[in-house]
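Visitor:
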Amino acid sequence: MRKVFEGTFIVAGGYTREDGNKAVAEGRTDLVAYGRLFLANPDLPRRFQLDAPLNKYDRTSFYTSSDSVVGYTDYPFLETEP
0 MRKVFEGTFI
10 VAGGYTREDG
20 NKAVAEGRTD
30 LVAYGRLFLA
40 NPDLPRRFQL
50 DAPLNKYDRT
60 SFYTSSDSVV
70 GYTDYPFLET
80 EP
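Here numbering that gives the first Met the number 0 is used: the first residue of the sequence shown is 0, the next is one more, and so on.
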């Protein structure tokens, strides 16, 4: 892809922190999208920075009806000392 596309290259799809860092370091991509991990970890950059445990996402709450109260805002933030 790099040979035919000169723009910013973004990959996604099941990347872990380590996989994403490796993909960028090896020049296979410019950015890594962490969609599912971000849904369950609203503070994902901080968790990556601290190598903290991640919340597990619940796929059944990804696409809920408008009357559902379970989903995007239910995942806890990391508890850290200032």
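Every residue gets a Cβ at the ideal spot worked out from N, C-alpha and C, and that includes glycine. These figures come from a predicted structure and were not determined experimentally.
Return helix, strand or coil for LEU77, following the three-state DSSP convention.
Guide: Reduced to three states, the DSSP call for LEU77 is coil.
Visitor: Run through DSSP, which three-state label would ALA11 get?
Guide: Looking at ALA11 - three-state DSSP - the assignment turns out to be strand.
Visitor: Express the C-alpha separation of GLU78 and VAL3 in angstroms, rounding to a whole number.
Guide: So the alpha carbons of these two residues sit roughly 44 Å apart.
Visitor: Can you find the residues in the same chain that come closer than 6 Å, C-beta to C-beta, to ALA32, ignoring five residues on each side of it along the sequence?
Guide: The answer, listed in chain order, is ILE9 and ALA11.
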